[in-house]
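Note that the working numbering has the sequence shown beginning at 755, numbered continuously upward. Positions of the beta carbon are idealized from the N, C-alpha and C atoms, including for glycine. Computed from a predicted structure; not experimentally measured.
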Amino acid sequence: MAKRSRLVTAAALLLLSGLLLGLPSSTASSATKARPSDFNGDGYPDLVVGAPWATVGGMRNAGALSVVFSSASGPQVSKRQYLSRNQAAVPGVSREWDEFGTEVASGDFNGDGYADLAINTASDGPSSSGGKYCGMVTVMFGGKSQLTTGLRIKEQDGFTCGMLTWSGLAAADFDRNGYDDLVLTTPGEVGNAFWISGGPQFAQGKGHDARLFDPVSHDLTRYARPAVGDVNGDSYPDLVLSHKTEGLWRTTLHLGGAQGLDPVEWQLLTNGGPHVVVGNFNGDKYADIAIGNPLITVNTFGSAGTVRIYHGSANGIDTARGSQTLTQDSPGVPGSVERMGGFGWALAAGDYNGDGRADLAITAQRSFRNGFDSTVNVLYGTTSGISPATGKSQVFSEKTVGLPGANGTSAFAESLSARDFNRDGRSELVVGSPRYNNYTGYVAVVPGTTTGLKVTSTKGFFPKGLGVPAPYSSFGAALER
755 MAKRSRLVTA AALLLLSGLL LGLPSSTASS ATKARPSDFN GDGYPDLVVG
805 APWATVGGMR NAGALSVVFS SASGPQVSKR QYLSRNQAAV PGVSREWDEF
855 GTEVASGDFN GDGYADLAIN TASDGPSSSG GKYCGMVTVM FGGKSQLTTG
905 LRIKEQDGFT CGMLTWSGLA AADFDRNGYD DLVLTTPGEV GNAFWISGGP
955 QFAQGKGHDA RLFDPVSHDL TRYARPAVGD VNGDSYPDLV LSHKTEGLWR
1005 TTLHLGGAQG LDPVEWQLLT NGGPHVVVGN FNGDKYADIA IGNPLITVNT
1055 FGSAGTVRIY HGSANGIDTA RGSQTLTQDS PGVPGSVERM GGFGWALAAG
1105 DYNGDGRADL AITAQRSFRN GFDSTVNVLY GTTSGISPAT GKSQVFSEKT
1155 VGLPGANGTS AFAESLSARD FNRDGRSELV VGSPRYNNYT GYVAVVPGTT
1205 TGLKVTSTKG FFPKGLGVPA PYSSFGAALE R
């Protein structure tokens, strides 16, 4: 069910001139492309945490962001970088209600061997047209010691006001040319998704092409966060987009290839949801798609929530195999279905036990049977995929021994992410709780081991210890996936 697509050149978006500010003086196109989130090029992915409600220079909700650099011991508080729009290296200036750091994504867009960081500013106002708050995206370039200055994509550069407000972000090398590409999804009455190709132009200021996706022909389309993975096993990353159209969540698959990301949808799923991750749960060559919808009614229980898993194949999504639906009543899934259980509120796919198969972490938000304490359910991958009835599972909450800040009332695990920070072959689970202690927020990093996540060895990161203004910063609202 392919829909119409349009190729929008960078000239049409005015991304050709005046966009790149204070860029690195040289490029290294022959350099090895950086690992995601490895901003200083030392081989270890770094931890990125957004605090979009932080007060900066007296400006409420201006927003800030913290980067904690990693080593063989994981993220180290002693080596960190604080970012806000009041710093000379960051384009723009902090304003009230900007909400800098609402969304983040990393990729080596200029191919210099250092990962770069794309950061959404939800408001960036007032704009040049009528004092509106329009949003923008900042791309900060990696360097030998930390992130340096970069570029900004904003309403004055050709996007309609509001298109970059609460923009979803993702990055991958969709054409495998050695440069990561940036995907931006835009909300609004008619949402859009843009693919901006990476290349030397990111460091040379020569502009770039951008493809505009138009996967649905209906109005009232609102995009959620995009996800990336090789669903058809051809070694090119593919893009999964979730969008709400006329009250229904739909999910589309767009294939990567030698010519880049195809703006025409390859497949359309009508059973969608706002939270999507991609992971190879059974260890074959095809990535699978997990879609969480915490507002689904299950057995008359409103907002109990579900997670659907669609399996990858050489033809993309394996529609002949059908989908797998998980609830808290599914055999082997910890807990039980309840009203407002919010199962599927957040998702993260990572190999937490290092067996070569992705595992799935799922937030169940506001569990009544657990004293209003949210839980994280971890379902481990098997040769059959996610099979909680026969495979391993675990559950933990903020009250679990080893987790910092345990008070059971802070909307634990509203955001999740997975990264192998110490490169031991096992992913760590990053748990963001931005509503902790009157929206001060904190992040917990749960280490992976050969037997799975070791909750008792969790390390906590709090805004005060990282130089982020608190309270009411919503630290942990945005995590780099």
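Is residue i helix, strand or coil by DSSP?
| i | result |
| --- | --- |
| Leu-974 | With a pLDDT of 43 at Leu-974, under the threshold of 50, the modelled position of that residue is not reliable, and the figure given next carries that caveat. Looking at Leu-974 - three-state DSSP - the assignment turns out to be coil, as it is neither helix nor strand. |
| Thr-1154 | coil |
| Val-1209 | helix |
| Gln-1013 | coil |
| Leu-1220 | helix |
| Asn-874 | strand |
| Asn-1034 | coil |
| Gln-955 | helix |
| Asn-1025 | coil |
| Asn-1176 | coil |
| Asn-1192 | helix |
| Ala-782 | Because the pLDDT of Ala-782 is 40, which lies under 50, any placement of that residue in the model is unreliable, and the number read from its coordinates should be weighed accordingly. Coil at Ala-782, not helix or strand. |
| Tyr-836 | strand |
| Asn-1053 | coil |
| Gln-1082 | coil |
| Ala-826 | coil |
| Glu-1092 | coil |
| Gly-1070 | strand |
| Trp-949 | strand |
| Thr-1137 | coil |
| Glu-857 | strand |
| Ala-1165 | coil |
| Phe-1229 | strand |
| Asp-935 | strand |
| Val-821 | strand |
| Arg-789 | coil |
| Val-1018 | coil |
Can you list, in chain order, the residues of its chain whose CB lies under 7 Å from that of residue i, leaving out five sequence neighbours each side?
| i | result |
| --- | --- |
| Gly-772 | Legend: pLDDT at Gly-772 = 35, less than 50; position of this residue unreliable, value from coordinates given subsequently. Result list for Gly-772: empty, nothing under 7 Å. |
| Lys-1218 | Ala-1224 |
| Gly-1110 | Gly-1037 |
| Ser-1102 | Per the sequence shown, residue 1102 should be read as Ala rather than Ser. Around Ala-1102: Val-1031, Ala-1115, Leu-1170, Ser-1171, Ala-1172 and Leu-1183. |
| Gly-1230 | Val-803, Ser-1169, Gly-1186, Ser-1187, Pro-1188, Gly-1195, Tyr-1196 and Val-1197 |
| Lys-960 | Any reading at Lys-960 must be qualified, since the residue scores a pLDDT of 44, below 50, and its modelled position is unreliable; no value is offered. |
| Ser-1228 | Ala-805, Pro-806, Trp-807, Pro-1188, Tyr-1193 and Gly-1195 |
| Arg-1177 | Gly-797 and Tyr-798 |
Provide the residue(s) that pair with residue i in DSSP beta bridges, ordered along the chain.
| i | result |
| --- | --- |
| Val-1197 | Gly-1186 and Phe-1215 |
| Tyr-1064 | Ile-1043 and Ser-1077 |
| Gln-1148 | Val-1132 |
| Trp-1099 | Per DSSP, none; premise fails for Trp-1099. |
| Trp-807 | None; Trp-807 has no bridge partner. |
| Ser-1181 | In the DSSP output, where bridge partners are listed per residue, Ser-1181 has none listed. |
| Thr-892 | Ile-873 and Arg-906 |
| Ser-899 | Per DSSP, none; premise fails for Ser-899. |
Excluding the 5 residues preceding and the 5 following residue i in the sequence, name in chain order all residues of the same chain whose CB lies nearer than 8 Å to its CB.
| i | result |
| --- | --- |
| Thr-1204 | Asn-1107, Gly-1108 and Arg-1180 |
| Pro-829 | Asp-800, Leu-801, Val-822, Phe-823, Phe-1175, Val-1199, Lys-1213 and Phe-1215 |
| Asn-1192 | Pro-1225 and Tyr-1226 |
| Asp-935 | Gly-861, Phe-863, Ala-925, Ala-926, Asp-927, Phe-928, Asp-929, Trp-949, Ile-950, Ser-951, Gly-952, Gly-1014 and Leu-1015 |
| Asn-794 | Asp-800, Phe-823, Tyr-868, Gly-896, Gly-897, Lys-898, Ser-899 and Gln-900 |
Are the CB atoms of residue i and residue j nearer to each other than 9 Å?
| i | j | result |
| --- | --- | --- |
| Gly-1172 | Ser-1128 | As written in the sequence, residue 1172 is Ala, which differs from the Gly given in the question. Cβ atoms of Ala-1172 and Ser-1128: not closer than 9 Å. |
| Ala-1232 | Gly-861 | no |
| Tyr-1236 | Ile-1050 | Limits of the chain in this structure are 755 at one end and 1235 at the other, which puts residue 1236 out of reach. |
| Val-893 | Ala-872 | yes |
| Gln-1078 | Ile-1140 | yes |
| Tyr-977 | Ser-951 | no |
| Gly-1222 | Ser-791 | Residue 1222 is actually Val in this sequence, not Gly. For Val-1222 and Ser-791, no; Cβs fall outside 9 Å. |
| Asn-815 | Glu-850 | yes |
| Gln-1119 | Gly-1096 | yes |
| Gly-1033 | Gly-1145 | no |
| Thr-1054 | Leu-1080 | no |
| Leu-1009 | Tyr-990 | yes |
Spatial neighbours of residue i within its chain, please: C-beta separation below 6 Å, excluding the five flanking residues on both sides.
| i | result |
| --- | --- |
| Pro-1148 | Note on residue identity: the sequence assigns Gln, not Pro, to residue 1148. Result list for Gln-1148: Val-1132, in chain order. |
| Gly-1056 | Arg-1093 |
| Gly-1066 | Val-985, Tyr-1040, Ala-1041 and Asp-1042 |
| Ala-859 | Ala-872, Leu-923, Ala-924 and Ala-925 |
| Ser-779 | Legend: pLDDT at Ser-779 = 36, less than 50; position of this residue unreliable, value from coordinates given subsequently. Cβ within range, chain order: n/a, list empty. |
| Glu-1234 | Ser-791, Val-802, Val-858 and Ser-860 |
| Trp-1003 | Gly-1026 and Gly-1027 |
| Gly-1086 | Pro-1142, Ala-1143 and Ser-1147 |
| Pro-1201 | Glu-1182, Lys-1208 and Ser-1211 |
| Ala-766 | Because Ala-766 sits at a pLDDT of 34, beneath the cut-off of 50, its placement in the model cannot be relied upon, and the following sentence gives the value as read from the coordinates. Counting only Cβ-Cβ distances below 6 Å, and skipping sequence neighbours, we find nothing. |
| Gly-1046 | Gly-1027, His-1029, Val-1061, Gly-1098 and Leu-1101 |
| Phe-811 | Looking at the sequence provided, one finds Gly at residue 811 rather than Phe. Around Gly-811: Asn-840 and Ser-848. |
| Leu-1220 | Ser-820 and Arg-834 |
Is residue i a contact residue of the ligand PLP, with contact defined as CB to any heavy atom under 8 Å?
| i | result |
| --- | --- |
| Asn-1025 | No copy of the ligand PLP appears in this structure; indeed no ligand is present at all. |
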